[in-house]
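The structure under discussion appears below in the form of structure tokens.
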């Protein structure tokens with residue numbers, strides 16, 4: 012049963028644009044390039060079912076821009092590419108071209124000026140679809156816009172397939188309207204209107220976004236203005252703050268100067284501390300010099316390692332990384348040393364300033380001491396005068412005892428007050444003694460010992476941490492090397508497997524060629540021990556031209572002497588078929604003057620000389636025919652495709668099999684050589700793989716050893732950590748004891764203050780009692796002038812004694828303030844000493860770290876050497 016299908020011609024509304032040609036290549040069932048000409052406006056394509064008529068309609072719709080695989084009766088667009096069959100391979104791409112006659116210039120646009128418009132679409136296996144119009148690369152949209160409004164398109168009415176008439180008849184009014192608009196050319200303007208509306212909508216959206224952005228910028232502007240006002244206020248506050256800071260600093264300077272003026276220094280102790288600081292600074296300088304020597308030595312070692320490193324192979328690349336780390340650590344050590352030197356300079360400056368302050372304190376101390384001495388002397392004189400006055404008063408009291416009986420009670424009260432005053436003085440002395448005993452208890456040595464133990468433990472802990480870190484670095488490096496070796500082993504194993512697969516493939520091809528060549532062997536007709544000419548040509552890698560030139564002679568057996576072979580045979584023993592060739596030892600120049608093909612090598616030249624003189628190469632058949640009259644008799648031209656041309660003859664055949672056998676024999680020789688090379692490469696790969704496996708085992712053992720060492724380091728670090736915690740607990744206990752004793756001292760000082768207050772109160776009581784006595788005495792009109800003068804002198808002396816006592820108390824308070832400031836200076840010196848100790852520790856750590864790095868570097872060099 013046959014089916015008829017018509018591809019309707021495509022033309023514009025005026026009927027002047029027409030499809031004239033359809034070209035397909037690799038599209039669906041059209042595997043080979045196919046060209047269909049459409050000379051008239053009506054062309055019918057008929058054929059049986061499945062011959063590809065519908066594929067022509069699909070090709071037209073596909074090249075016009077159809078992008079739906081369903082409309083093309085497929086699952087995906089890759090289905091339009093020829094998938095291959097039992098006789099044909101799959102196509103790499105699908106190509107369809109449509110040629111339109113545009114001689115009436117009915118098309119508009121950039122291509123409307125051409126008489127013929129060729130639209131081409133191609134699709135590759137990569138999924139990329141390419142459109143061309145008159146060999147110009149365009150977009151799919153350009154193809155659609157070219158025919159918009161003409162009725163030509165992927166889904167327009169110009170392509171009417173089976174069942175489409177029924178669909179048009181049964182279509183809804185909306186669908187019919189689309190066909191009518193396409194026919195009337197309205198669809199072009201509708202499409203442009205849709206694009207214009209889309210652009211207008213995009214513009215409106217952009218304007219809305221711009222409005223939103225403007226609003227956001229306005230809000231940001233308001234916020235920035237507020238921030239600017241805040242920043243201005245902040246700057247004003249900063250100015251005020253700086254002014255207040257300057258004023259506060261000035262006040263602080265004044266207060267500091269006043270406080271420094273009141274310091275009571277113990278110069279000898281401070282001088283001893285300064286001497287200790289100077290000694291420690293000398294030790295720091297010595298250690299810095301040692302650090303410089305160690306750094307110089309490390310740099311020289313680094314240069315030697317670098318000089319040695321240039322001679323090492325690629326396996327020493329990891330050592331270069333270690334050298335870089337060593338250089339970085341040396342630079343870090345140098346930077347830390349510079350920081351320590353700078354800190355030492357700062358400490359020296361601080362010590363200088365402290366020494367100057369101590370000098371000022373010493374001068375002020377001498378001045379205060381002289382003032383205190385003067386006050387003590389003045390008080391002593393006042394007390395002496397007071398005692399003399401008291402003696403004189405007692406004498407007068409003895410004289411006037413009888414007349415002063417009414418004063419007995421105040422005198423008794425005064426005596427009791429004095430007794431209580433004496434008791435308070437004794438209690439005060441006892442408290443002073445206890446305070447001195449408490450203060451004299453020195454906890455410095457136990458605390459210093461605890462601090463030293465803690466520092467030693469921390470030093471050991473730091474050394475272990477460094478060793479642990481270095482071990483972790485080495486372990487990471489070894490694990491990296493182990494991973495690299497594992498990767499290399501896997502790569503070598505994969506390479507060996509690939510080589511084995513290639514060798515198997517070459518062996519299979521070699522066996523196939525040997526079987527093919529075995530079918531053409533004629534060894535039973537050869538001379539005993541003779542080698543074939545084809546084998547020698549194959550070993551020399553001769554091209555196929557010699558197969559066409561020699562023909563059946565390529566199977567000739569090579570003999571040293573043809574006469575000897577003929578003598579060995581008689582007429583009855585002559586083979587029925589076969590070729591034999593002997594070398595031509597006499598080298599003669601050809602007389603024809605034509606071009607000759609050189610022999611593959613000098614060894615084959617004697618065996619090929621007869622053929623070489625009579626068979627000449629030609630580049631093409633036309634040139635051979637043109638030059639055939641120049642050939643001598645018996646000579647001919649031989650072409651690479653098998654044609655042979657003589658003076659009066661031309662032919663082809665018989666030599667193709669010889670050329671094929673020569674190519675097979677040459678390929679067999681190449682395969683044998685490739686097989687030998689592959690076996691050698693596989694053996695080398697196996698040896699290298701075994702070496703890598705050995706190195707891998709060694710690296711694994713080394714990694715296990717490093718892991719064990721890391722475990723030991725971790726245990727030792729844990730033990731040191733516990734020891735350090737014990738020392739810290741002991742130190743905390745000492746600090747607690749020191750705090751308890753300090754609290755006790757504070758309590759004693761409070762009691763001392765209370766007793767001092769009681770003493771002052773008693774002195775006030777004494778003064779009040781004395782005033783009562785003076786009032787009682789002044790009440791006596793019976794005292795004479797000498798008694799009144801003595802009483803006045805006593806009162807004057809007592810006032811002077813009170814003033815002297817107040818001055819002494821002020822001096823004592825000044826001494827207390829100086830003592831406090833001196834303690835602060837001692838604390839500052841202690842902090843400086845602690846910083847010096849830290850500097851010493853850091854320098855020692857740097858030296859240990861540098862020694863460790865140098866040792867590790869030496870070990871690494873020893874391992875690689």
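Numbering (the numbering used here), first residue to last: 12 to 876.
Glycine included, each C-beta is placed from N, C-alpha and C at the ideal position.
For residue i, report the span of its beta strand (DSSP E) as first-last.
i           : result
residue 143 : 140-144
residue 36  : 29-36
residue 59  : 55-59
residue 46  : 45-48
Using CA coordinates, which residue listed in the options is at the minimum distance from residue i?
i           : options               : result
residue 116 : 93, 179 and 125       : 125
residue 711 : 629, 491 and 845      : 491
residue 84  : 135, 849 and 67       : 67
residue 131 : 119, 150, 114 and 121 : 150
residue 73  : 40, 47, 240 and 133   : 133
residue 6   : 32, 44 and 138        : What the structure shows of the chain is the stretch from 12 to 876, and residue 6 is not part of that stretch, so it cannot be assessed.
residue 852 : 298, 212 and 45       : 298
residue 129 : 866, 51, 118 and 638  : 118
Taking residue i and residue j to be in contact with their CB atoms under 8 Å, please state how far apart those CB atoms are, rounded to whole angstroms.
i           : j           : result
residue 49  : residue 75  : With a Cβ gap of about 16 Å, residue 49 and residue 75 do not count as contacting.
residue 28  : residue 112 : 7 Å
residue 140 : residue 127 : With 8 Å as the limit, residue 140 and residue 127 do not qualify as a contact, their Cβ atoms being about 23 Å apart.
residue 120 : residue 157 : 6 Å
residue 159 : residue 202 : 6 Å
residue 99  : residue 189 : The pair is not a contact, with the Cβ atoms about 41 Å apart (cut-off 8 Å).
residue 80  : residue 90  : 7 Å
Quick check on the DSSP output: the alpha helix (DSSP H) that includes residue i runs from which residue to which?
i         : result
residue 1 : Residue 1 falls outside the range modelled here, since the chain spans only 12 to 876, and no answer is possible.
Tell me whether residue i, by its Cβ, gets closer than 7 Å to a heavy atom of the ligand COA.
i           : result
residue 746 : No copy of the ligand COA appears in this structure; indeed no ligand is present at all.
- Message: Could you check whether the stretch 54-61 touches the stretch 90-105, counting it as contact only if at least three pairs of C-beta atoms, one from each stretch, sit closer than 8 Å?
- Response: no
- Flag this pair as touching only if the stretch 33-42 and the stretch 101-110 have three or more C-beta atom pairs under 8 Å; answer yes or no. yes
- Any chance the stretch 141-148 sits against the stretch 175-189, with 3 or more Cβ pairs inside 8 Å? no
- Mind pulling the beta strand (DSSP E) runs of 3 or more residues that sit fully within the stretch 74-136? 104-112 and 127-135
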